[in-house]
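**Q** Here it is: the structure, laid out below.
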Amino acid sequence: MAGNETTPAGTLREYYDQFSWALEYGSDKRVKGWFLMSSPVPTTVACIAYVLFMKWIGPRLMRDREPLQLKNLMVAYNIFQILFNVFILSLGIDSWLFEYSLTCQPVDYSLRPRAVRMVHAAWWFYFSKFVDWFDTLFFILRKKFDQVSLLHIVHHGIMPFSCWFGVKFTPGGHSTFFGLLNTQVHIIMYLYYTLAALGPKYRKYLWWKQHLTTIQMATVFVHAVQLLFVECDYPKVFVYVLMSHAIMFTFLFLDFYKKSYMHQDKRKAQRVSNGVPVPIKSSSEENSRGKKDGKNEKGANGITNGIHHNDEGLRKRATVKTVSQDISQVVNTESGKEESEATSLRAKVPSLAKQILSFNPGICFPVIHDASDH
Numbered sequence: 001m002a003g004n005e006t007t008p009a010g011t012l013r014e015y016y017d018q019f020s021w022a023l024e025y026g027s028d029k030r031v032k033g034w035f036l037m038s039s040p041v042p043t044t045v046a047c048i049a050y051v052l053f054m055k056w057i058g059p060r061l062m063r064d065r066e067p068l069q070l071k072n073l074m075v076a077y078n079i080f081q082i083l084f085n086v087f088i089l090s091l092g093i094d095s096w097l098f099e100y101s102l103t104c105q106p107v108d109y110s111l112r113p114r115a116v117r118m119v120h121a122a123w124w125f126y127f128s129k130f131v132d133w134f135d136t137l138f139f140i141l142r143k144k145f146d147q148v149s150l151l152h153i154v155h156h157g158i159m160p161f162s163c164w165f166g167v168k169f170t171p172g173g174h175s176t177f178f179g180l181l182n183t184q185v186h187i188i189m190y191l192y193y194t195l196a197a198l199g200p201k202y203r204k205y206l207w208w209k210q211h212l213t214t215i216q217m218a219t220v221f222v223h224a225v226q227l228l229f230v231e232c233d234y235p236k237v238f239v240y241v242l243m244s245h246a247i248m249f250t251f252l253f254l255d256f257y258k259k260s261y262m263h264q265d266k267r268k269a270q271r272v273s274n275g276v277p278v279p280i281k282s283s284s285e286e287n288s289r290g291k292k293d294g295k296n297e298k299g300a301n302g303i304t305n306g307i308h309h310n311d312e313g314l315r316k317r318a319t320v321k322t323v324s325q326d327i328s329q330v331v332n333t334e335s336g337k338e339e340s341e342a343t344s345l346r347a348k349v350p351s352l353a354k355q356i357l358s359f360n361p362g363i364c365f366p367v368i369h370d371a372s373d374h
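So for the sequence shown, the numbering used here puts the first residue at 1; every next one is plus one.
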C-alpha cells in the first residue's frame with residue numbers, strides 16, 4: 001500500500017512527463033524547429049517580464065523624467081501595425097472565405113498549401129502579440145500611466161502565452177477564426193491610433209472610437225460561443241480555454257466600456273443639468289444674488305461701489321462746472337466797477353479755487369503727467 005501512495009512531488013512529476021510527451025509527440029510537426037516553438041518557457045518568462053516592467057519598473061524609471069515626445073515614431077509604428085496585420089490577414093482569409101465552416105472547422109494537419117499558409121498565419125499572429133507590447137512601452141515613455149489599465153496589462157500579458165499553445169497544437173481550424181477577426185479589429189484600431197497621433201485637427205474623424213470597443217466585445221462572443229451548440233472534431237480542451245478567455249475579456253471590456261463611455265456620458269449630462277457652460281448673468285441679477293445669499297459678496301459690492309462712484313463723479317462734475325462759471329463771471333466783471341468790489345471778488349477767487357481742488361479730479365478725468373516724470 002505504501003508503495004502505491006501518491007506524493008505531491010510524484011504528481012507533479014507525472015504531469016511534467018505527460019506535458020513533455022505532448023510537446024514531443026502530440027504537437028503539430030509542421031512547427032517543429034520554428035522560432036520560440038520548442039518550449040513554452042521563453043514565452044512564459046517574456047510575459048512575466050512584460051508585466052513586471054510595464055506595471056512597476058517602467059513607471060518608476062520614468063517617475064522623475066520628462067515624458068518623451070514620440071509623435072513621429074508612433075505614427076510610423078501604427079502604420080507598420082496596419083500593414084503587418086493586413087499581411088497576417090492575407091495569409092488565412094481565403095480559407096475562411098472559400099473553404100472553412102463558420103460553425104465547425106477541424107484542424108487541417110496536412111501539407112496542402114492552404115493549410116500550411118494557415119499555420120504561418122497562426123505563428124505570425126502569435127509573434128504579433130510581442131510587437132503589440134510597444135503600445136504599453138509608448139504609454140510608459142510618454143508617462144500616460146493611466147492608460148496602463150488592468151485590461152491592458154492582462155490582455156497584452158497573457159495573449160502570447162495563450163497563442164503559443166494554439167500554434168503548437170492547433171495551428172488552424174476553428175481557433176483561427178478568432179485570430180483573423182482579432183487581426184481585422186487591430187487594423188481598425190491602429191488606423192484610429194494613427195489619426196489620433198496626427199493631432200487634434202483629426203479628432204473629428206474619430207467618432208467611431210466607442211464602436212471599436214463594441215467590435216472587440218462582439219469578437220470575443222462570436223468566436224467563443226459557437227462550439228457550445230455544435231458537435232465538432234476540435235480538441236475540447238481548447239474549447240474550454242477559448243471560453244475562459246472569452247469570459248475574462250468580456251468582463252474586462254464591459255468594465256472598460258462602462259468607465260470610458262457610460263461615465264463620460266453621465267458626466268456630460270450632469271454638466272448640462274448644472275448649467276455648464278454657465279450663462280452670463282446681468283449685473284442686477286448678480287447684485288441681487290449677492291445680497292440674497294452672500295456668496296457673491298465681492299462682485300455685488302463691486303457693482304454697488306461702481307454705481308456710487310459714478311453718481312459721485314457726476315455730482316463733482318456739476319460742482320466744478322458751477323464754480324468755473326462763477327470764476328468766469330469774476331474775471332469778466334466790468335472794469336468800470338468800483339475798486340472795492342474788485343477787491344472783494346479777488347478775495348473770493350482763492351476760496352473758490354480751494355473748493356475746486358478739494359475734489360479728486362482723478363475720479364472723473366485721466367491724470368496727465370508731465371514729460372519730466374518719465
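Beta carbons are placed, not taken as given, at the ideal position from N, Cα and C, and that holds for glycine.
Look at the alpha carbon of T43 and the alpha carbon of P160, and state the distance between them as a whole number of angstroms.
**A** 7 Å
**Q** With C-beta atoms as the reference, is I88 less than 8 Å away from F125?
**A** In this structure, F125 lies closer than 8 Å to I88 by Cβ.
**Q** Cβ atoms of K143 and P67: under 8 Å apart, would you say?
**A** In this structure, P67 lies near K143, with their beta-carbon atoms less than 8 Å apart.
**Q** Below 8 Å CB to CB, which residues in the same chain sit around V116 once its five sequence neighbours on both sides are set aside?
**A** R30
**Q** Among L227, T7, A196, whose alpha-carbon lies nearest the alpha-carbon of L102?
**A** L227
**Q** By Cβ distance below 6 Å, which residues in the same chain neighbour S95 in space, the five residues on each side in sequence not counted?
**A** R114, M118
**Q** T176: which of P59, W123, F138 sits nearest, CA to CA?
**A** That would be W123, whose Cα lies nearest to the Cα of T176.
**Q** Count Cβ pairs between the segment 69-84 and the segment 143-152 that sit closer than 8 Å; are there 3 or more?
**A** Counting Cβ pairs under 8 Å, fewer than three are found: no touch.
**Q** Write down the C-beta distance between G172 and D108 rounded to the nearest angstrom, noting that I regard them as a contact closer than 8 Å.
**A** Between D108 and G172 the Cβ distance is about 5 Å, and since that is below 8 Å, they are a contact.
**Q** Going straight from the alpha carbon of A46 to that of L36, what length do you get?
**A** 11 Å
**Q** What residue range does the alpha helix (DSSP H) around E14 cover?
**A** 8-21
**Q** Work out the CA separation of I158 and Y100 for me, nearest whole Å.
**A** 27 Å
**Q** Span of the alpha helix (DSSP H) holding K168?
**A** 150-169
**Q** Counting contacts by CB-CB distance shorter than 8 Å, is H155 in contact with chain B?
**A** Among the chains of the structure shown, chain B does not appear; only one protein chain is present.
**Q** What is the rounded straight-line gap between the Cα of G26 and the Cα of E14?
**A** 16 Å
**Q** Nearest CA to the CA of W164: which residue from A246, D233, H120?
**A** H120
**Q** Which runs of the alpha helix (DSSP H), 4 residues or longer, sit entirely within the segment 13-92?
**A** 41-52, 58-62
**Q** For Y205 versus L191, is the C-beta spacing smaller than 8 Å?
**A** no
**Q** In this structure, does DSSP put P113 in helix, strand or coil?
**A** helix
**Q** Buried or exposed: F19, going by 16 or more other Cβ atoms within 10 Å of its Cβ?
**A** exposed
**Q** Are the Cβ atoms of I140 and M189 separated by less than 8 Å?
**A** Not closer than 8 Å, so no.
**Q** In whole angstroms, what separates the C-alpha of F53 from that of N78?
**A** 22 Å
**Q** Could you check where the alpha helix (DSSP H) with Q105 kicks off and where it finishes?
**A** Here Q105 belongs to no alpha helix (DSSP H), and DSSP marks it neither H nor E.
**Q** Check each candidate in F127, L12, F145 and name the one with the smallest Cα separation from S162.
**A** F127
**Q** Helix, strand or coil for P200? Go by DSSP, reduced to three states.
**A** In this structure, P200 counts as helix in the three-state DSSP scheme.
**Q** Assuming V230 and C104 make a contact with CB atoms under 8 Å, what is their CB distance in whole Å?
**A** 5 Å
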